[in-house]
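First residue of the sequence shown: 3, per the working numbering; consecutive thereafter.
All residues carry an ideal CB built from backbone N, CA and C; glycine is no exception.
Just below is one structure, and these are the notes that go with it.
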Amino acid sequence: MNMQGRVVGVDEAGFAECNEFFYGETPPEGFTESFHVKICQQYNKEPRFATLYSMEDKTPLYSAFKYTKAAQRGEESWMVEPQIDDAGNDLEEMVHEADAVGSVNNLGANQALTTDYVDSGYERGQLNPSSLNEDDFQLATYTLTNAVPMTPSLSESWHKDVKNIVEQALAPHCENGARLYLVAGAVPSSLRVKDKVSIPEFLWLAACCDAPEVWSVGFLKRPSGENSIEDLSVEELEKQLPSGAHLFKRNCGGGSQSQEKMEAILQTINQIQSEEPILQTMAGKHGEGQRAQEKRGERSLLRRVAGIVATPFTKLLRIVGYVLVLVVRYTCYFLWYVVKQLSNTAMGGLYSLWNGVMSYVKEISTVLLNIPRDMAKVTANIVMGFVRIFQNTLSLIYRILSVPVGLFLHIMAFPLDTLCAVPIVLKDMAAGVGGTCSLIVDATAALMSAFYYLAIHLGKKFVPKLSSDD
């Protein structure tokens, strides 16, 4: 069995893939408490219907689905939703309650369990009746997130009324490919089963047909009137629900639907309701005959004594059974804890080993990848070294050979340079001798000129005086 009840995240629009079960893919408005959880009920990996669940009341507020075809009620196989009690649980599929023990933390903290209904006088009444579904859709309805506490008579009456109304009055007027959207809900009360699961104040059903002439209708069933169901408009039904409730997009034709269509639907519903007392009277007479036979049988003193004696043993067996269930439950809790700790330790060791292996592989891979690069660098350095050695050798040979060649050239050029220098030396010597003679002549002329000027000066100074004395 592959049954899922995916809890829809707060960041997802509406009911995610289960939006198809609402008219115009728009879920009802006005149900916005923080303890409300949206569930997309799935079976065999396909969406089957949508449920808004109250973790405070431990009951669904409504289940939305599309009518396909009525069928007989199948075998009951009830499931629980792990993620409602344990948000971090990785079990996204619904599981049997017995299978959830030990694998789901705080099981039953936010949802009802089968044990909550045992010896309570109430049974698990489906909001989305299994009789309105077939095949996998029917199997998906057997989840405790789709059940509210109902007395056996109320549960039987609810399933019968809803099935008859939908199958005989609503579906025949929603034909030619039109889809019939149904929302079945319950209004929680302050009364609780075993101080845990809220008993509904009343049950309700809203229908919407998306035919070209769209129409809608509502129904209300109170526990005090188990044998009757009240028909009313969707707007009137919304007034009976918590303030702000709005069930269908654009009221599903409310205020503009065909009067003839609605009269035909209501006439069929009234006809169904009028036939119920007759069937109930016939069933009552049949039941009275059975009860008379039972009373005659109960007159046997032996049966009475046996019943009195068996009652304490029956209660004792129930207590023992309850204790055994608790022992098995907490034993499973303990074993699961031990297994979980061992698995966590083993997983931690494996994780460390994996990290070590990956680090080793990474280092080895790095070294192996660097080997070709390092070899290329070494080869290049060796080649460059040989090139530098060859270059230096040639340079040294050149320098060694260049010394005697230069010296030889200088020696060979010495006589030539010497002979070429003789005329220049002679010229320079002649220029020196001529310059010396010219300098001597100039010096002699300058000396004689100086003596001449001195003689004239002395003559002018002393000669006149001699003349004047004469």
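Open item on the list: Would you call the segment 143-157 in contact with the segment 97-117, where contact means no fewer than 3 C-beta pairs closer than 8 Å?
Closed with: Yes, the segment 143-157 touches the segment 97-117.
Task: Delimiting residues of the alpha helix (DSSP H) encompassing P190 - done: Looking up residue 190 in the sequence shown gives position 188. Here P190 belongs to no alpha helix (DSSP H); instead the beta strand (DSSP E) covers 182-195.
Task: According to DSSP, residues forming a beta bridge with I41 - done: Position 39 of the sequence shown, counting from 1, holds the residue named residue 41. DSSP output for I41 lists V9, T53 as bridge partner(s).
- [ ] Could you pull out every unbroken alpha helix (DSSP H) segment of at least 4 residues lying fully inside the segment 99-124, listed in chain order?
- [x] The qualifying runs are 99-102.
Open item on the list: What would DSSP say about I373, mapped onto helix, strand or coil?
Closed with: On the sequence shown, residue 373 is found 371 positions in, with the first residue counted as 1. Helix, per DSSP.
Task: Start and end residues, alpha helix (DSSP H) containing A213 - done: Indexing the sequence shown from 1 puts residue 213 at position 211. Careful: A213 lies outside any alpha helix (DSSP H) and carries neither H nor E.
Open item on the list: Would K251 and G26 be called neighbours here (beta carbons separated by less than 7 Å)?
Closed with: On the sequence shown, residue 251 is found 249 positions in, with the first residue counted as 1. On the sequence shown, residue 26 is found 24 positions in, with the first residue counted as 1. In contact: K251 and G26 (Cβ atoms closer than 7 Å).
TODO: Keeping to the same chain, check which residues put their C-beta closer than 7 Å to that of E19; ignore five residues upstream and five downstream.
DONE: Residue 19 sits at position 17 when you count from the first residue of the sequence shown. So the qualifying residues of the chain are C42, P49.
Task: Whole alpha helix (DSSP H) elements within the segment 225-264, 4-residue minimum - done: Secondary structure within the segment 225-264: the alpha helix (DSSP H) runs of 4 or more consecutive residues, fully enclosed, are 236-242 (chain order).
Task: Per DSSP, cross-strand counterpart(s) of R126 - done: Locating residue 126 in the sequence shown gives position 124, where the first residue counts as 1. Answer is P151, bridged to R126.
Task: Assigned secondary structure, F221 (DSSP; H/G/I helix, E/B strand, else coil) - done: As a first step, residue 221 is located in the sequence shown; it is residue number 219 there, counting from the start. Shown here, F221 sits in a strand according to DSSP, grouped into three states.
- [ ] List the residues that DSSP assigns as beta-bridge partners of W206.
- [x] Here residue 206 refers to the residue found at position 204 when the sequence shown is read from its first residue. DSSP, once it has assigned bridges, lists G187, L222 as partnering W206.
Task: Buried versus exposed, by CB contacts within 10 Å (16 or more), A475 - done: No answer is possible for residue 475: the residues shown for the chain start at 3 and end at 472.
Task: Y455 (DSSP reduced to helix, strand or coil) - done: Here residue 455 refers to the residue found at position 453 when the sequence shown is read from its first residue. Helix, per DSSP.
Task: Of the listed residues G90, H38, M96, nearest to N46 (C-alpha basis) - done: For the purposes of this step, residue 46 is taken as residue 44 along the sequence shown, with counting starting at 1. It is M96 whose Cα lies nearest to the Cα of N46.
- [ ] Could you tell me which residues DSSP puts in a beta bridge with V363?
- [x] For the purposes of this step, residue 363 is identified with residue 361 of the sequence shown, where counting begins at 1. V363 is not bridged to any residue.
Task: Which of helix, strand or coil DSSP assigns to K47 - done: Walking along the sequence shown from the start, residue 47 turns up at place 45. Reduced to three states, the DSSP call for K47 is coil.
Open item on the list: By the three-class DSSP mapping on this structure, what secondary structure does E177 have?
Closed with: If you number the sequence shown from 1, residue 177 lands on position 175. E177 falls in the coil class under three-state DSSP.
Task: Cβ pair L234, G256 closer than 7 Å - done: In the sequence shown, counting from the first residue as 1, residue 234 sits at position 232. In the sequence shown, counting from the first residue as 1, residue 256 sits at position 254. For L234 and G256, no; Cβs fall outside 7 Å.
Open item on the list: Pairs of beta-carbons, one from the segment 20-40 and one from the segment 124-137, closer than 8 Å: are there three or more?
Closed with: Counting C-beta pairs with one atom in each stretch, the segment 20-40 and the segment 124-137 have fewer than three that are closer than 8 Å, which means they do not touch.
Open item on the list: Using a Cβ-Cβ cutoff of less than 7 Å, which residues in the same chain neighbour C176 once the five nearest sequence positions on both sides are dropped?
Closed with: The count along the sequence shown starts at 1 and reaches residue 176 at position 174. Closer than 7 Å at the Cβ level, and outside the excluded window around C176, lie L182, C211, A213.
- [ ] With P84 as the anchor, note down where its alpha helix (DSSP H) starts and where it stops.
- [x] For the purposes of this step, residue 84 is taken as residue 82 along the sequence shown, with counting starting at 1. 84-87 is the span of the alpha helix (DSSP H), which, as asked, contains P84.
Open item on the list: Strictly by DSSP, which residues pair up with S200?
Closed with: Walking along the sequence shown from the start, residue 200 turns up at place 198. Beta-bridge pairing links S200 to R194.
TODO: Determine the burial state of F139: buried for a count of at least 16 other Cβ atoms within 10 Å of its Cβ, exposed for fewer.
DONE: Counting from 1 along the sequence shown, the entry for residue 139 is found at position 137. F139 counts as buried, since no fewer than 16 other beta carbons sit within 10 angstroms of its beta carbon.
- [ ] Given a cut-off of 7 Å, decide if T61 and S200 are closer than it, judged by their beta-carbon atoms.
- [x] Here residue 200 corresponds to residue number 198 of the sequence shown, with the count starting at 1. Here residue 61 corresponds to residue number 59 of the sequence shown, with the count starting at 1. Result yes, Cβ atoms of S200 and T61 sit closer than 7 Å.
Task: From V39, A100, N394, T153, residue whose alpha carbon lies closest to that of V205 - done: Residue numbering aside, residue 205 sits at position 203 when the sequence shown is read from its first letter. Note that residue 205 is Leu in the sequence shown, not Val. Closest in C-alpha terms to L205, from the list V39, A100, N394, T153, comes T153.
Task: A186 beta carbon less than 7 Å from that of N130 - done: Residue numbering aside, residue 130 sits at position 128 when the sequence shown is read from its first letter. Residue numbering aside, residue 186 sits at position 184 when the sequence shown is read from its first letter. Yes, these two residues count as a Cβ contact at 7 Å.
Task: Bounding residues of the alpha helix (DSSP H) (the contiguous stretch that carries F139) - done: The residue you call residue 139 lines up with position 137 of the sequence shown. Its alpha helix (DSSP H) spans residues 138-142.
Open item on the list: If I follow the unbroken beta strand (DSSP E) through T61, where does it start and stop?
Closed with: Translated into positions along the sequence shown, residue 61 becomes position 59. Boundaries of the beta strand (DSSP E) harbouring T61: 61-68, taken from the DSSP string.
Open item on the list: Since A52 and A66 should fall inside the 8 Å C-beta cutoff, what is the C-beta to C-beta distance between them, to a whole number of angstroms?
Closed with: For the purposes of this step, residue 52 is taken as the residue at position 50 of the sequence shown. For the purposes of this step, residue 66 is taken as the residue at position 64 of the sequence shown. With 8 Å as the limit, A52 and A66 qualify as a contact, their Cβ atoms being about 5 Å apart.
Open item on the list: Buried or exposed, going by whether 16 or more other CB atoms sit within 10 Å of the CB of Q343?
Closed with: Translated into the one-based positions of the sequence shown, residue 343 becomes position 341. Result: exposed.
Open item on the list: Comparing C-alpha positions only, which one of L109, E78, D118, Y454 sits nearest to G90?
Closed with: Along the sequence shown, one-based indexing puts residue 90 at 88. Nearest C-alpha to G90 among L109, E78, D118, Y454: L109.
Open item on the list: Taking 6 Å as the limit between beta carbons, can you name the residues of its chain near V163, skipping five residues before and five after?
Closed with: Indexing the sequence shown from 1 puts residue 163 at position 161. According to the sequence displayed, residue 163 carries Asp and not Val. Beyond the five residues adjoining it in sequence on each side, D163 comes within less than 6 Å, by CB distance, of I231 in the same chain, given in chain order.
Task: Residues that DSSP places opposite V97 in a beta bridge - done: As a first step, residue 97 is located in the sequence shown; it is residue number 95 there, counting from the start. Answer is V82.
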